[in-house]
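Colleague:
There are 4 protein chains.
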Amino acid sequence: MNKKIKVGMIGYGFMARTHSNAYCQVNHFFDVPLTPSLQMVCGLEKDKAEAFARRWGYASWTTDWRKVIEDDTIELVDICVPNNLHAEIALAAAKAGKAILCEKPLALNGAQALEMVQAVEKAKVANLVSFNYRRVPAVTLAKQFIDQGRLGRIFHYRANFLQDWTISADVPQGGDATWRLDAKAAGSGVTGDLLAHCIDAALWHNGPIQSVCAMTETFVKQRLHAETGKVEPVGIDDACTFLCRFQNGSLGNFESTRYARGHKALYTFEINGEHASIGWDLHDLHRLSYFDHRDESITRGWRSIHVTDGDMPYMGRWWVPGLQIGYEHSFIHQAADFLGNLAQGKPTSPTFREAMATQRVCDAVLASAKDGTWQTVAS
Amino acid sequence: MNKKIKVGMIGYGFMARTHSNAYCQVNHFFDVPLTPSLQMVCGLEKDKAEAFARRWGYASWTTDWRKVIEDDTIELVDICVPNNLHAEIALAAAKAGKAILCEKPLALNGAQALEMVQAVEKAKVANLVSFNYRRVPAVTLAKQFIDQGRLGRIFHYRANFLQDWTISADVPQGGDATWRLDAKAAGSGVTGDLLAHCIDAALWHNGPIQSVCAMTETFVKQRLHAETGKVEPVGIDDACTFLCRFQNGSLGNFESTRYARGHKALYTFEINGEHASIGWDLHDLHRLSYFDHRDESITRGWRSIHVTDGDMPYMGRWWVPGLQIGYEHSFIHQAADFLGNLAQGKPTSPTFREAMATQRVCDAVLASAKDGTWQTVAS
Amino acid sequence: MNKKIKVGMIGYGFMARTHSNAYCQVNHFFDVPLTPSLQMVCGLEKDKAEAFARRWGYASWTTDWRKVIEDDTIELVDICVPNNLHAEIALAAAKAGKAILCEKPLALNGAQALEMVQAVEKAKVANLVSFNYRRVPAVTLAKQFIDQGRLGRIFHYRANFLQDWTISADVPQGGDATWRLDAKAAGSGVTGDLLAHCIDAALWHNGPIQSVCAMTETFVKQRLHAETGKVEPVGIDDACTFLCRFQNGSLGNFESTRYARGHKALYTFEINGEHASIGWDLHDLHRLSYFDHRDESITRGWRSIHVTDGDMPYMGRWWVPGLQIGYEHSFIHQAADFLGNLAQGKPTSPTFREAMATQRVCDAVLASAKDGTWQTVAS
Amino acid sequence: MNKKIKVGMIGYGFMARTHSNAYCQVNHFFDVPLTPSLQMVCGLEKDKAEAFARRWGYASWTTDWRKVIEDDTIELVDICVPNNLHAEIALAAAKAGKAILCEKPLALNGAQALEMVQAVEKAKVANLVSFNYRRVPAVTLAKQFIDQGRLGRIFHYRANFLQDWTISADVPQGGDATWRLDAKAAGSGVTGDLLAHCIDAALWHNGPIQSVCAMTETFVKQRLHAETGKVEPVGIDDACTFLCRFQNGSLGNFESTRYARGHKALYTFEINGEHASIGWDLHDLHRLSYFDHRDESITRGWRSIHVTDGDMPYMGRWWVPGLQIGYEHSFIHQAADFLGNLAQGKPTSPTFREAMATQRVCDAVLASAKDGTWQTVAS
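Spelled out as structure tokens, the structure:
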């Protein structure tokens with residue numbers, strides 16, 4: 000029989016659902032030696048916390064996150080609250096010797112991230128940041144192709160994350176549903192929320208970014224604040240585009256916006272190498288585009304790989320070829336990897352330290368946008 | 000607190016996984032008044048049954064399906080075994096007064112289906128056949144578009160289900176993994192396995208089929224039988240194509256094969272109406288193609304609807320716009336509808352009676368292929 | 000300097016434009032030893048014939064097609080008139096010893112086609128039927144792939160030709176613009192007009208068809224006749240679907256309709272072989288879909304080949320990779336091949352004899368639809 | 000009968016073919032009151048000039064471009080030579096009072112462009128720069144959608160032009176085929192060759208660009224020079240990416256490279272407005288993507304408009320719906336517009352003055368890439 004691991008969940012919003020689902024599902028599909036036991040969930044409002052606990056099977060609920068830290072039976076703390084709360088909770092959890100899974104972006108900025116890195120490394124606790132898209136099978140397969148040398152020298156890395164849900168000036172900022180538009184809670188706008196995903200994957204796929212040059216814009220300058228009830232200036236970036244140079248000599252082009260009409264959550268990347276290119280798109284996350292110049296010339300073309308076969312990353316655990324999985328599965332894969340590594344005392348990528356590198360790119364991006372100059376990324 | 004309903008699962012293969020997963024997930028996402036309690040699973044081999052029970056949380060296991068019927072606490076029997084076993088189990092379950100969810104195709108033929116229909120109707124037990132693709136949100140949305148009259152008079156219904164997994168003559172017939180190639184277990188080949196899905200959706204979308212004309216072929220004439228260890232003639236149809244006429248005057252064209260290289264599980268349909276057309280494809284199940292002739296002429300084009308918004312069928316229960324779900328969700332939706340209706344004493348479509356209509360079309364198709372003549376579908 | 004060849008064009012409608020354009024363009028792009036000299040055009044109305052001659056550079060015009068035949072300087076007669084006029088003109092042209100390019104379908108039926116075949120073979124005049132889609136580079140490339148054995152044994156050939164321009168009951172039949180809806184002028188509806196293209200390509204790609212089983216429908220039963228001014232019964236097939244068996248053991252599925260809302264001229268085919276599959280679509284005629292099972296498993300996918308490179312059929316004569324050509328180019332390629340072969344005394348495919356095979360499949364299809372039985376194709 | 004206009008063509012390379020073809024074809028499809036008469040072609044090598052003249056029907060040929068200017072019967076001079084030769088020829092042609100069609104980019108830089116603008120405006124001669132992609136019907140339709148206000152306020156303009164033909168270090172620079180890699184002949188690399196197209200369309204679609212920030216790279220640092228026979232440093236930009244701000248407040252992101260494996264000539268743009276978005280792709284130039292948020296929510300999706308109908312720009316002159324045109328047609332449309340306007344004494348866009356604006360953006364881009372700073376675009 001599997002060993003149990005008690006989990007404390009901090010947060011009961013959207014991300015808490017994705018993580019809770021992963022804990023419920025992971026052992027149904029993956030053979031990991033640990034079985035999550037959902038011990039406590041914490042959220043601001045008692046009724047909602049209770050309802051969340053009932054739905055997902057948490058044994059208890061609380062409105063004080065310190066209760067989770069203080070519960071000695073809890074071995075794994077999962078942080079699914081707005082970005083400005085990550086640091087304090089993570090520091091406490093590390094001090095209490097708990098493994099930590101923290102939602103992205105890790106922190107509000109690189110300095111805060113460093114503090115968190117130092118805390119988990121000092122406490123020697125397992126730590127992972129939930130850049131879940133790495134574990135979409137097609138994205139993992141892209142990494143495999145790169146590691147196998149299929150692309151050769153990389154020339155270009157291109158990514159964007161386009162949404163359209165904040166175009167209306169009537170969308171408020173702040174509060175449960177729209178804290179992402181409130182600079183105090185979110186730190187930044189699309190940079191930390193969306194580009195952080197693109198940057199994490201880029202660093203993983205293509206190595207360090209050395210320097211960046213960015214432009215940001217806030218199209219709607221003021222919005223009603225859901226908590227204060229007042230119309231307040233908007234402090235986040237609605238759109239951010241940046242150019243960059245990678246250490247390996249390749250060029251990067253990244254863009255994110257919440258003003259791209261028609262795109263709900265269009266995260267795409269394309270990587271152009273000497274021999275081959277790869278493309279991916281979150282709106283059809285089960286497909287990978289691949290072009291291989293070594294194919295015979297009259298048969299060359301972009302291939303649309305339907306990433307559903309048993310020999311593709313993670314897919315041996317699901318259904319049969321042709322039957323696709325969806326968004327939430329990336330979190331199940333994350334849980335499977337984290338629990339599997341935890342059992343063996345091995346780190347799981349991206350650790351807090353790796354996520355700090357993403358944070359530092361974000362910092363450089365925001366600084367560049369402010370100054371209008373190229374910025375070197377801290378390392 | 001929700002009322003529990005004890006479930007007995009007969010079978011531990013692929014479909015039993017999809018159904019078990021649905022029972023585990025349904026209450027996490029849907030507000031249905033019943034919570035499945037997994038009571039017993041039955042399968043031929045004890046070790047496998049036990050392992051299945053452990054993985055999915057069944058309280059007990061057995062190798063004798065009659066034990067499931069005899070357990071008075073079990074209210075719902077789920078039949079996930081090869082087609083030739085459906086009837087006997089369903090008749091017993093009906094007699095025992097249990098609700099029944101039966102995998103498709105309902106029976107080996109229309110006569111057997113009729114017997115099953117009469118049994119459940121006599122016993123007045125809830126009954127549902129698992130034509131799961133109806134409950135892929137895009138497929139349900141297609142039905143909604145038709146019911147809203149968006150298409151107007153229908154001229155054409157076209158569907159195919161193309162696979163390529165049996166092209167090699169080395170694939171055996173019979174046994175756990177390949178019983179679908181064994182005529183004794185499966186009844187027919189692609190007709191019952193794949194076309195049944197297409198026919199079920201077509202009857203739902205477009206009404207009764209009056210007459211059919213079919214052609215079948217068995218490309219590989221003999222295969223090793225996994226149970227007997229001998230090379231035996233193949234009795235199933237590897238490919239089946241048929242023309243038909245619907246009662247509403249529209250024409251149908253259906254094709255299925257397991258010899259379409261490059262297609263893993265490409266189930267597609269297209270419906271052409273006077274005003275609008277609809278297309279769908281299982282390989283991108285989260286999208287619906289839609290063309291509306293009433294659009295202004297210079298802006299007319301096929302729309303690719305990303306069926307992930309909260310106002311689309313079932314999608315309000317999942318994530319946010321742009322984030323797709325996958326294959327197994329169709330079974331979760333099925334469970335949600337079935338349990339919801341069960342609690343209210345309402346039937347869930349397709350009932351055994353509705354599935355019998357599909358069976359009768361299959362019978363006519365196979366008879367036509369044998370005789371080379373047009374066949375009227377029994378009604 | 001190139002030798003000239005005087006051309007007489009019979010017809011000034013849509014097809015006459017495509018052919019005239021080909022004669023004007025062929026020497027700009029292809030190195031063929033003959034240069035067409037446009038000598039005379041013939042059409043029913045003098046003013047239109049004159050305008051056509053002026054636009055395209057014909058030296059003269061006439062309203063009597065016999066004048067074209069009688070002009071001894073004309074070596075090539077091009078027949079671009081409604082189907083019911085092909086035979087008489089072709090017989091006269093053959094007798095006069097002229098090379099003949101005839102629009103498709105060759106004749107109203109197989110018997111008439113045979114008469115035409117005998118006439119050109121007796122007269123030993125060059126003869127070609129304008130099944131232009133064969134010479135779309137992607138379609139020619141498909142043939143090349145098959146001939147290279149890339150597909151291995153063929154299991155399925157699937158084609159359809161879908162349009163939507165006659166859905167409105169207000170479209171008349173007969174007359175210049177809509178003679179295709181008049182059974183007297185066209186012989187049949189979609190069968191001869193559209194399916195003939197699909198059948199021609201299928202015979203070329205996949206060899207003889209042995210037997211067929213078809214269904215036709217006329218959705219709009221009567222239409223105003225543009226010539227008589229009266230509402231008359233519609234004699235053509237609006238839609239036709241047929242199943243067939245090829246001599247090589249593969250199965251065919253063909254469909255055509257003018258009632259598929261959203262499809263302007265969607266001619267598609269897909270060929271499934273043991274090792275590879277091919278797909279093509281007239282709406283993106285510069286692309287070929289290709290799946291090769293011999294690719295390494297994790298990189299397998301349908302390739303979209305952009306057929307614009309210099310080593311692909313005909314494309315070395317056009318622009319540079321990435322820059323597509325269009326519809327009319329298929330006629331320029333046809334002219335290049337015909338003139339090139341003519342200069343060398345070689346036949347060009349499809350000859351009248353080859354086109355007769357297509358006609359005989361059409362005959363069998365129409366007979367089958369009438370009788371509701373399988374029909375053997377005459378050979 | 001149409002009035003003739005004598006044309007002198009300077010150049011016999013790739014672009015001279017596209018322009019000559021346009022002069023041959025324009026009157027076959029468009030009713031313009033002028034008919035080009037091909038009077039003289041000029042090129043460096045006599046044999047090639049003669050062969051070009053024969054193929055396209057030029058009455059004479061020369062190796063000295065001044066002969067074209069000196070021929071008083073020539074009314075229209077068409078400049079299809081490398082960029083470094085545009086200015087001198089255009090100045091002479093203007094002085095001689097001839098209408099001028101000049102290939103893009105207009106000049107090597109803004110200062111030179113200004114000189115050319117002043118010359119044509121002083122001489123009051125018709126002048127047009129061949130940014131041909133404006134006249135791809137789908138691109139023109141995009142402009143029409145914007146002018147009709149369908150998009151509302153524009154937030155983003157995104158364009159790229161990706162190729163892969165210079166990845167091999169064995170491709171030489173300089174000479175007939177590869178002068179685009181030689182900084183002396185081309186002025187710049189992808190910026191003037193490819194981005195100029197993107198910028199021209201952007202200024203037309205979305206108004207003036209105020210400031211830019213760019214990054215360029217030369218991946219292969221030295222190449223054999225086809226003229227000198229020596230390995231020489233490469234002076235052009237292999238890749239260029241830039242951010243920009245438009246006067247209307249929208250943000251721009253532009254990228255071009257010749258190192259994007261798998262893309263032959265992938266020019267794409269996407270425009271995101273408040274109400275609607277538009278996308279286009281040169282690899283499928285006959286389609287326009289369109290998303291309209293005002294569609295009913297459950298039917299919203301990106302539409303793929305097959306731009307082949309008679310009510311779409313230019314398409315009423317070609318075939319029937321569903322039948323696509325290709326690359327060279329953009330030049331035919333350009334010729335039709337230019338000749339039509341010429342006959343009426345009206346300017347045709349983009350004039351030299353309009354093309355100068357594009358040149359100034361290119362200048363700012365190259366300056367920014369050199370300095371690493373934001374640059375204001377001269378106006």
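Chains as they are written, first to last, in numbering that gives the first Met the number 0: chain A, 0 to 378; chain B, 0 to 378; chain C, 0 to 378; chain D, 0 to 378.
Note that beta-carbon positions come from the ideal geometry of N, C-alpha and C, so glycine has one too.
Fair warning: this is a prediction, and the values are worked out from it, not measured in the lab.
1) Is any beta-carbon of chain B found at less than 8 Å from that of His305/C?
2) Starting from His224/A, follow its DSSP beta bridges and name the residues at the other end.
3) For Pro349/B, name the three-state secondary structure that DSSP assigns.
4) If I measure Cβ to Cβ from Ala342/B and keep anything under 8 Å in the same chain, skipping five residues before and after, which residues do I get?
5) Would you kindly work out how many angstroms separate the C-alpha atoms of Arg260/B and Trp279/B, rounded to a whole number?
6) Between which two residues does the alpha helix (DSSP H) containing Cys197/A stretch?
7) Please tell me whether Tyr289/B has its Cβ less than 8 Å away from any Cβ of chain D.
8) Please name the residue in Tyr258/B, Pro232/B, Asn252/B whose C-alpha comes closest to that of Arg152/C.
9) On a Cα-Cα basis, can you pick out the residue from His18/A, Ile4/A, Lys5/A that is closest to Phe330/A?
10) Going along chain C in order, which residues have a C-beta closer than 9 Å to the C-beta of Ser276/B?
11) In this structure, does DSSP put Cys361/D in helix, strand or coil?
12) Enumerate, from N- to C-terminal direction, the unbroken alpha helix (DSSP H) stretches of 4 or more residues contained entirely within the region 242 to 326 of chain A.
13) Going along the region 54 to 82 of chain D in order, which residues come within less than 8 Å of chain C, judged by CB to CB distance?
14) Specify whether the region 370 to 378 of chain A and the region 144 to 159 of chain B touch according to this definition: at least 3 beta carbon pairs, one from each stretch, less than 8 Å apart.
15) Do you know how far the Cα of Gly10/D is from the Cα of Val67/D?
16) When you compare the CB of Tyr326/B with every CB in chain A, is at least one pair closer than 8 Å?
17) Taking 8 Å as the threshold (beta carbon to beta carbon), is Trp318/C in contact with chain D?
18) Please state the DSSP three-state secondary structure of Ile88/A.
19) Select from the region 322 to 349 of chain B all residues with a C-beta closer than 8 Å to any C-beta belonging to chain A, and list them in chain order.
20) In terms of alpha-carbon separation, which member of Ser129/B, Tyr313/B, Asn83/B lies closest to Leu107/B?
21) For Leu140/A, return the contacting residues in chain C, with the cut-off set at a CB-CB distance below 8 Å.
22) Alpha carbon to alpha carbon, how far is Thr307/D from Leu322/D?
23) For the alpha helix (DSSP H) containing Ile385/A, list its first residue and its last residue.
24) So Met39/C and Gly12/C are supposed to be a Cβ contact under 8 Å. How far apart are they, rounded?
25) If you check the beta carbons only, do Met214/B and Thr177/B fall under 8 Å apart?
26) Can you give me the C-alpha to C-alpha distance between Glu231/D and His274/A, rounded to a whole angstrom?
27) Does the region 43 to 56 of chain B touch the region 351 to 362 of chain A, meaning 3 or more C-beta pairs lie closer than 8 Å?
28) I want to verify the contact list: residues of chain A whose CB lies under 7 Å from the CB of Ile166/D, in sequence order.
29) With a threshold of 8 Å between beta-carbons, can His27/B be considered close to chain A, or not?
30) Starting from Thr61/A, follow the alpha helix (DSSP H) in both directions and report where the run begins and ends.
31) If Ala356/A and Leu113/A are in contact, beta carbons under 8 Å, what's the gap, nearest whole angstrom?
32) In this structure, what does DSSP give as the bridge partners for Lys2/D?
33) May I ask you to list, following chain order, the residues of the region 29 to 46 of chain A that have a beta carbon less than 7 Å from some beta carbon of chain B?
34) What are the boundary residues of the beta strand (DSSP E) that includes Arg149/D?
Modeller: The relevant details are as follows:
1) no
2) Gln172/A
3) coil
4) Lys2, Val31, Pro32, Leu33
5) 20 Å
6) 195 to 205
7) yes
8) Tyr258/B
9) His18/A
10) Asp163, Ala259, Arg260, Gly261, His262
11) helix
12) none
13) Arg54, Trp55
14) no
15) 11 Å
16) yes
17) yes
18) helix
19) Leu322, Gln323, Ile324, Gly325, Tyr326, Glu327, His328
20) Asn83/B
21) Ile297
22) 6 Å
23) With chain A covering only 0 through 378, there is no way to say anything about residue 385/A.
24) Actually they are not in contact, since the Cβ atoms of Met39/C and Gly12/C sit about 16 Å apart, beyond 8 Å.
25) no
26) 25 Å
27) no
28) Glu273
29) yes
30) Segment 59 to 61 is the beta strand (DSSP E) holding Thr61/A; no alpha helix (DSSP H) there.
31) Not a contact, Cβ separation roughly 11 Å.
32) Leu33/D
33) none
34) Taken as a continuous stretch (DSSP letters only), Arg149/D belongs to no beta strand (DSSP E), as it is neither H nor E.
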